[in-house]
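Q: Chains as they are written, first to last, in our numbering: chain A, 1 to 419; chain B, 420 to 838; chain C, 839 to 1257; chain D, 1258 to 1676.
Number of protein chains: 4
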Amino acid sequence: MDTTVFEAHESTIRGYCRNYPTVFASASNARQVDEDGRSYIDFFAGAGVLNFGHNNPRMKEALIDFLQADGVAHSLDTYTTTKRDFVARFQEVVLAPRGMDHRMQFMGPTGSNAVEAAMKLARKATGRREIVAFSHGFHGMTLGSLAATANDAFRQWSGVPLEHIHRLPFETAPGGDTALAEYRTALQDPSSGLLPPAAFLVEPVQAEGGVNVASRDWLHEVQDLAREVGALLIFDDIQAGIGRTGTYFSFDGMGLDPDIITLAKGLGGFGTPIAMNLNKPEVDDHWSPGAHTGTFRGQGLSFVAGTVALDYFTDESFLADVLAKGERMRERLTALVREHPGLGWEVRGRGMIQALDTGDGAFAKRVQQTAFEAGLLIGPCGSGGRVIKLIPPLTIPEDDLLQGLDLLEQAIRTAREAD
Amino acid sequence: MDTTVFEAHESTIRGYCRNYPTVFASASNARQVDEDGRSYIDFFAGAGVLNFGHNNPRMKEALIDFLQADGVAHSLDTYTTTKRDFVARFQEVVLAPRGMDHRMQFMGPTGSNAVEAAMKLARKATGRREIVAFSHGFHGMTLGSLAATANDAFRQWSGVPLEHIHRLPFETAPGGDTALAEYRTALQDPSSGLLPPAAFLVEPVQAEGGVNVASRDWLHEVQDLAREVGALLIFDDIQAGIGRTGTYFSFDGMGLDPDIITLAKGLGGFGTPIAMNLNKPEVDDHWSPGAHTGTFRGQGLSFVAGTVALDYFTDESFLADVLAKGERMRERLTALVREHPGLGWEVRGRGMIQALDTGDGAFAKRVQQTAFEAGLLIGPCGSGGRVIKLIPPLTIPEDDLLQGLDLLEQAIRTAREAD
Amino acid sequence: MDTTVFEAHESTIRGYCRNYPTVFASASNARQVDEDGRSYIDFFAGAGVLNFGHNNPRMKEALIDFLQADGVAHSLDTYTTTKRDFVARFQEVVLAPRGMDHRMQFMGPTGSNAVEAAMKLARKATGRREIVAFSHGFHGMTLGSLAATANDAFRQWSGVPLEHIHRLPFETAPGGDTALAEYRTALQDPSSGLLPPAAFLVEPVQAEGGVNVASRDWLHEVQDLAREVGALLIFDDIQAGIGRTGTYFSFDGMGLDPDIITLAKGLGGFGTPIAMNLNKPEVDDHWSPGAHTGTFRGQGLSFVAGTVALDYFTDESFLADVLAKGERMRERLTALVREHPGLGWEVRGRGMIQALDTGDGAFAKRVQQTAFEAGLLIGPCGSGGRVIKLIPPLTIPEDDLLQGLDLLEQAIRTAREAD
Amino acid sequence: MDTTVFEAHESTIRGYCRNYPTVFASASNARQVDEDGRSYIDFFAGAGVLNFGHNNPRMKEALIDFLQADGVAHSLDTYTTTKRDFVARFQEVVLAPRGMDHRMQFMGPTGSNAVEAAMKLARKATGRREIVAFSHGFHGMTLGSLAATANDAFRQWSGVPLEHIHRLPFETAPGGDTALAEYRTALQDPSSGLLPPAAFLVEPVQAEGGVNVASRDWLHEVQDLAREVGALLIFDDIQAGIGRTGTYFSFDGMGLDPDIITLAKGLGGFGTPIAMNLNKPEVDDHWSPGAHTGTFRGQGLSFVAGTVALDYFTDESFLADVLAKGERMRERLTALVREHPGLGWEVRGRGMIQALDTGDGAFAKRVQQTAFEAGLLIGPCGSGGRVIKLIPPLTIPEDDLLQGLDLLEQAIRTAREAD
């Protein structure tokens, strides 16, 4: 393993490589192998991108075919056959069955860019400025989306004031149970000092923020309030969408009806970048052609693999399997809480995003390091990194899942012994 | 050709597809072929991304090899062998020969994100807030970079005030010859009402803004002023870099020494997304690990093709050929100005970014449409789209280049006749 | 009565003259007389300025003496004997008995300016930006103080975003009982998305906002929270201070210890403009000479009359009398609520600021108009003007007070009959 | 002289008292007398307030009469006979002869408040946000007006970013000759990155900024540009108006037609606070009643003395005398420049605001101190306080003027000797 090139020439800002101090050479489904031949079980999946595993074979084949046929790899927002296939398939598999008539908007392929576009559209459509965002929310790193991101570890780097966001506690944060009602009351009071918002921007399942799962009731309360005050409802489903929670959207089956949905990460299937918003037509009509451009909007490779990814959602057994594996993960985490009582640990999650909140960032870091040394990749999240988040590929083989959970169990024991 | 899927399900915001109303099926070097088998010469190159042509064969081979070997396609900012190859090769081919010790920072793979990161770093490093940006500059669509972008067609969509930018005219804009001197004087005056800036953000060659080429002297004046007032010098070389102007950086050979260089577009070689900033070590040291994150920072496919792309710059004949072709383009444009006298047309550019400023957006649009019908893809730019910008792949075959120029010449004649 | 000059030449913005459509010619204690000789009982006292009555005879005599002696009427912030008398007397009568070592800062003579100065100082002293202000708060009309003012009827005129304020509900507003605790919790959470504030800006008794009286416990909770999070405590006592509530400061006797107190209105005694902040020395030390200037800081006439006003507070019977009169007012308002049951009316106040919240702005306006016609001046306040606020001069003769209350009672009956 | 009370109990921010370290006891016309009986000639006139001298006898008499008659000293914006006299007289003496139909708006009695109101109105009337302000401009200390003020010595205290101002160099600053033309061109360019402004806010004669006198041509260029781009023209005549320059308005006789004029300082005549804007009816109509309130808007004493002040402008000899005295001042300053050659000194001014720019703040401070010791009050202004500004009362007796100029001459010699 030789990391001197990185140390000499890559920016100080590099981060995950400090958690996983090795050089990866190849990867397949839920396994990554480093250049020394050591194999790691991947419970991180590229921060929630690789829902279908590293080098998904069906996608790989499709990509090679596409390359060999000189498909249009880069197309801005011109029309290509590849993009048409993706759009048609997405309509067929995702939108039509749900009776959704949202339109697909492609932008620069980052989740941050998707959020920025959604914020622009909401402000334009309403003529208002403030957007409600929630504590523990994570929406990106560029100035507009960073204003909506809650974590001060990121916010402190803005260099300028982060503005035009009204912050409310998320359902699971202190005050989260009463905040919406209080905000409603305040908006009815002309002397509250508050402006009616353009939109409510909410992750139905907060991933980076510590795996906080909003209830159906609370999400309906957000939606109702948005409707009442003439604001849009934006769901940021970038990390929790595309099957992660056991349904395509994290909010499926709850009777919710967001105006804008932001997607990215798992949408491209293979780890190649893509971002897409789904806008209700009456909202989308506020756009003019070219209003929010971006060079890498048309990614042929992402369309090809993303189209393959959609096939998974026509197979009923796939999501059933996700839910079953998620249940397995949850049971094991729950057992860990029982094994280590009196520490205030909490298990949270839905489907195959499951987490153990240890309440202690230093401890979680030790767990992560110990797990890495044992051959398991996990990524702490939440305030101070105290939450151990498990987001393996949805396609992880049963054996790898169980072996990974064993390694986690052991790492936690080891880390506890060091306390 | 069937575009009904797009019309039904894609956002109103789609733009370039309106200029090129067909569905592309494949592409190779400087040619794109639509699904009806019609071939187009590409003088747009994906908005300056495809410097090495569509489906560059060397890159294609490397990508297929990489895929077949289960290379790590998506890696966040963990270390991979592929990324190491890229970093080492970039150091070897680009930095070392220039005596540069800048560090490479990868971020969410859009130019906009690169600019946002540069702005954050400059503000952090200086403790200041305002950044000087120039008229006609284009730096992206997210809130921070959009504030630096000059074109009101984009700015009007922000929905919130765009702030913390001090705007000066670019060298070639009215007042551009005296603005820097006046700004220097103002900064020396404690009653100017102006704050010392964190950075000067400048494109040595403005591409989207209308192909405005800064002189060596003016760029030195910017650099000198930045040094004098304790500000950083940021060069946005996203569209004009990576060989486009006949040198690797658009500012090569001018004795300039920017603190931060933003790169994206052509860096990945194949059209797959990547963005990278080059930060001087003393500036880069202001970052902390993870300060500006992003899901798609580690793109294996972009590293693989990007490493191949670097090979071009070890072959002396490559850039000589770029300059020769650029000269050919310029001659033909100059001839067009002579052929259509009295219209105030102007030819501008360097290397293989050459442009004809027609002063008339409606006319340029007719030229673009006529050219498209004849089988040539071009993209107007500048205020109101009045500038016909030619940015074919650097690898365009001589015949395609000449044929494309013939088509352009004819399209202009046709459009003139309609006047 | 001739108002044509005003209608022809005064701005559309004129307001109170529309409530009191006559031309006043003279005034004495709690009586104003119009040019037709009609006498009005004044329960408004110039919006809380004339605590010692119109043309207070002791002040009038002192002012005439001062004018005849060629006293320095206008002095900026140079030293004058008149100013020295005021400063020394204020120290003697107000600060020393309370063990306060606050320093007196004079600024442009408006309450708004006092608040702006306090905000600057708090931001400078803490290096922070956000200031906590409360719903229903009123702090002024200039851009900084307007950002702290809650009423949208004023805020909507700013023309630019009103920023850098964190808004919490006042104790008596919905959510006011839990807001401070929730805010404390949020500030402890690094992912709350909130910044620690520079200060809490609070009126112990909100006057314009509808006569909302904070409890001792809640004010202590604000103070404790400010201390905990390293923020300053600013009390805006502009309308409720200077004896109005039956104590010199509205928060006297509660064991509170604000860092900055803003004063204006009644401080000058006679209605001549003055504004003064009291800054704790360790806070005040953050100022540099001349940091916040203003032409009319040194008002000889205000110092002269203001010095006389301080004499009232050395006479124990004065405040006892204020409390007794206040009790009388309260009893009468309470009787009115009983007389008109089932309307949800509420009586609020302390000392001689007493109010009847009718919950109905249109009704309150009718009461005001009917009262005016009967010879009583009152001023509705609160959201939509639904609160009938009574703030007669503290020196109002018993007979005028009772007669005024009779007129109010009758006006309310008349207005009720019209319902 | 006892200043211990101030040192113990007044804020550190006190400023002018440090320049004039004595305690003034009385004042008459252009003389102030300290408590030790020492007499000072006043060339500062309360920062341009006391145009008619300290304790102007006609005003004093009127004020005493008003007090003895129990006039309405404090009236908010209700109608009073005293206010009606002022409004009618202002109309008769100032507006009618000029054919002006501007409406008078009264606000909180500071110049800063007048500017804030003008900014609000301009933003409301145009629906735009940015206001053009000029280098070296001084417009006040509250957040909105401070954003327009140019001097960093004041701006640095804001604690928050000062925004929504577009800054141009004043005519006499470097670049001032070309800035308007360049700005016009930029506003015509949709890629300038600039927004059309709501207003141009300009002092025809910058007083605090260093006595910079705009030419008729330049002011017309500002006005023409404002008209062209749909912006309002606001003249801040707070220090230079009310006769100071030898005409009532500083811009009289130039054929200019501002939309809003801000007045304060000398308007009240006696040094009692007042501020008033003159708004064109079509602009003023954008206000709603009560949109910008303020406690001390209706100042009976200021109306009374201000009405007397207007009499001066019906006497043709008064302004002729101002011009003659101004000429005398200018001659003496010009002679001083000749006496001290090679120092780059410059004389600037109009009427009885005349100044010597010494280019050296430390030197100017020495002159001020030396002059004070000799019995002359002057106030340095401009960047770093390098400009010695002379603004005696317009009513200064010839003898005092000459004696003051002698003292100044001597102080300059003394200060030069110390060099």
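In this text, a Cβ means the ideal position worked out from N, Cα and C, and glycines have one as well.
#1: Does any C-beta atom of chain C lie closer than 8 Å to the C-beta of D:Met-1609?
#2: Measure the CB-CB distance between C:Thr-1110 and D:Ala-1330 and report whether it falls below 8 Å.
#3: Considering only the beta carbon of each residue, do B:Gly-629 and B:His-555 sit closer than 8 Å?
#4: With a threshold of 16 other CB atoms inside 10 Å of the CB of C:Arg-1176, please say whether the residue is buried or exposed.
#5: Nearest chain F C-beta to C:Met-938 closer than 8 Å, yes or no?
#6: Can you name the residues of chain C whose CB is closer than 7 Å to the CB of D:Cys-1638?
#7: If you drop the 5 nearest sequence neighbours on each side, which residues of the same chain put their C-beta closer than 8 Å to that of C:Asp-872?
#8: Exposed or buried, B:Pro-799, counting other C-beta atoms within 10 Å across all chains shown (16 or more means buried)?
#9: Is the separation between the beta-carbon of B:Leu-652 and that of B:Ala-645 shorter than 8 Å?
#10: Say whether chain A places a C-beta atom closer than 8 Å to the C-beta of C:Ala-988.
#11: Roughly how many whole angstroms lie between the Cα atoms of C:Arg-967 and D:Ala-1532?
#12: Which chain A residues are close to B:Leu-720, counting only those with a beta carbon under 8 Å from its beta carbon?
#13: Using a Cβ cut-off of 8 Å (strictly closer), state whether C:Gln-943 contacts chain D.
#14: In chain B, which residues lie with their C-beta within 7 Å of the C-beta of A:Ser-250?
#15: Look at B:Leu-742 and B:Gly-662 and say whether their C-beta atoms are less than 8 Å apart.
#16: According to DSSP, simplified to helix, strand and coil, what is A:Thr-80?
#17: For C:Arg-1005, decide whether its Cβ has a neighbour in chain A, counting only Cβ atoms nearer than 8 Å.
#18: Given a cut-off of 8 Å, decide if A:Ala-122 and A:Thr-262 are closer than it, judged by their beta-carbon atoms.
#19: Assuming D:Ile-1645 and D:Leu-1600 form a contact by the criterion Cβ under 8 Å, report the distance between their Cβ atoms to the nearest whole angstrom.
#20: Kindly indicate which residue of B:Leu-827, B:Ser-494, B:Ala-515 and B:Val-551 has the alpha-carbon position closest to the one of B:Leu-620.
#21: Taking 8 Å as the CB-CB limit, is D:Gly-1432 close to chain B?
#22: First and last residue of the alpha helix (DSSP H) that includes B:Phe-737?
#23: Which first and last residues belong to the alpha helix (DSSP H) in which B:Met-478 is found?
#24: With D:Phe-1391 and D:Phe-1427 assumed to form a contact (beta carbons below 8 Å), what rounded beta-carbon distance in angstroms separates them?
#25: Where does B:Lys-543 sit, in a helix, a strand or coil, going by DSSP?
#26: Relative to the C-alpha of D:Gly-1694, which residue among D:Gly-1397, D:Arg-1315 and D:Tyr-1440 is closest?
#27: When the cut-off is 8 Å and only beta carbons count, does B:Thr-597 lie next to chain D?
#28: Give every residue of the same chain whose Cβ lies closer than 8 Å to the Cβ of B:Ala-567, excluding the five residues on either side of it in the sequence, and list them in chain order.
#29: A:Gly-300 and A:Phe-66 look like a contact to me (Cβ under 8 Å); what is the Cβ gap, rounded to whole Å?
#30: Roughly how many angstroms lie between the CA atoms of B:Asn-475 and B:Ile-679, to the nearest whole one?
#31: Comparing the C-beta of A:His-139 with each C-beta of chain B, is any distance below 8 Å?
#32: Does chain A have any CB closer than 8 Å to the CB of B:Arg-503?
#33: B:Val-551 lies in the beta strand (DSSP E); which residues open and close that run?
#34: For the ligand NAP, I want to know if A:Ala-374 counts as a neighbour, meaning its beta carbon is within less than 7 Å of at least one of the ligand's heavy atoms.
#35: Going by the DSSP bridge assignment, what does B:Thr-681 pair with across the sheet?
#36: Since I believe B:Ala-830 is in contact with B:Ala-781 (beta carbons under 8 Å), could you give me their beta-carbon distance rounded to a whole number of angstroms?
A: This is what the structure gives:
#1: Not an interface residue.
#2: Taking 8 Å as the Cβ cut-off, C:Thr-1110 and D:Ala-1330 qualify as a contacting pair.
#3: The answer is yes: Cβ separation under 8 Å.
#4: Its Cβ having fewer than 16 others within 10 Å, C:Arg-1176 is exposed.
#5: Absent from the structure is chain F; the protein chains it does hold are A, B, C and D.
#6: Per Cβ cutoff of 7 Å: no residues; D:Cys-1638 is ~11 Å from chain C at best.
#7: Met-839, Thr-860, Val-861, Phe-862, Ala-863 and Tyr-878.
#8: B:Pro-799 should be labelled buried.
#9: One thing to note: B:Leu-652 has its Cβ within 8 Å of the Cβ of B:Ala-645.
#10: With a threshold of 8 Å between beta carbons, C:Ala-988 makes contact with chain A.
#11: Distance between the alpha carbons of C:Arg-967 and D:Ala-1532 is about 30 Å.
#12: Identification of chain A residues near B:Leu-720 by a Cβ-Cβ cut-off of 8 Å yields Thr-272 and Leu-301, ordered along the chain.
#13: The beta carbon of C:Gln-943 sits closer than 8 Å to some beta carbon of chain D.
#14: The contacting residues do not exist; A:Ser-250 stays about 17 Å from chain B at best.
#15: Cβ atoms of B:Leu-742 and B:Gly-662: not closer than 8 Å.
#16: It is a strand residue.
#17: Cβ-Cβ to chain A under 8 Å: yes for C:Arg-1005.
#18: The Cβ atoms of A:Thr-262 and A:Ala-122 do not sit closer than 8 Å to each other.
#19: Rounded, the Cβ-Cβ distance is 13 Å, inconsistent with contact.
#20: The residue with the shortest Cα to Cα distance from B:Leu-620 is B:Val-551.
#21: Cβ-Cβ to chain B under 8 Å: yes for D:Gly-1432.
#22: Its alpha helix (DSSP H) spans residues 735 to 758.
#23: Counting along the chain, the alpha helix (DSSP H) containing B:Met-478 begins and ends at 476 to 487.
#24: Yes, D:Phe-1391 and D:Phe-1427 are in contact; Cβ-Cβ is about 4 Å, under 8 Å.
#25: The answer is helix: DSSP assigns B:Lys-543 an H, G or I state.
#26: No answer is possible for residue 1694 of chain D: it lies beyond the span of chain D, which begins at 1258 and ends at 1676.
#27: True, the Cβ-Cβ gap to chain D drops below 8 Å.
#28: Here the set comprises Val-534, Met-538, Ile-550, Ala-552, Gly-556, His-558, Gly-559, Ile-584 and Leu-620.
#29: Contact holds; Cβ gap of about 7 Å.
#30: Approximately 29 Å between the Cα atoms of the pair.
#31: Residue-level contact check: A:His-139 does not touch chain B, since none of the beta carbons of chain B fall below 8 Å from its beta carbon.
#32: So yes, B:Arg-503 belongs to the interface.
#33: Segment 550 to 553, the beta strand (DSSP E) holding B:Val-551.
#34: The ligand content of the structure shown is nil, which means the ligand NAP is not present either.
#35: B:Asp-655 and B:Asn-696, per the DSSP bridge assignment.
#36: Here B:Ala-781 is actually not in contact with B:Ala-830; their C-beta atoms are around 14 Å apart, not less than 8 Å.
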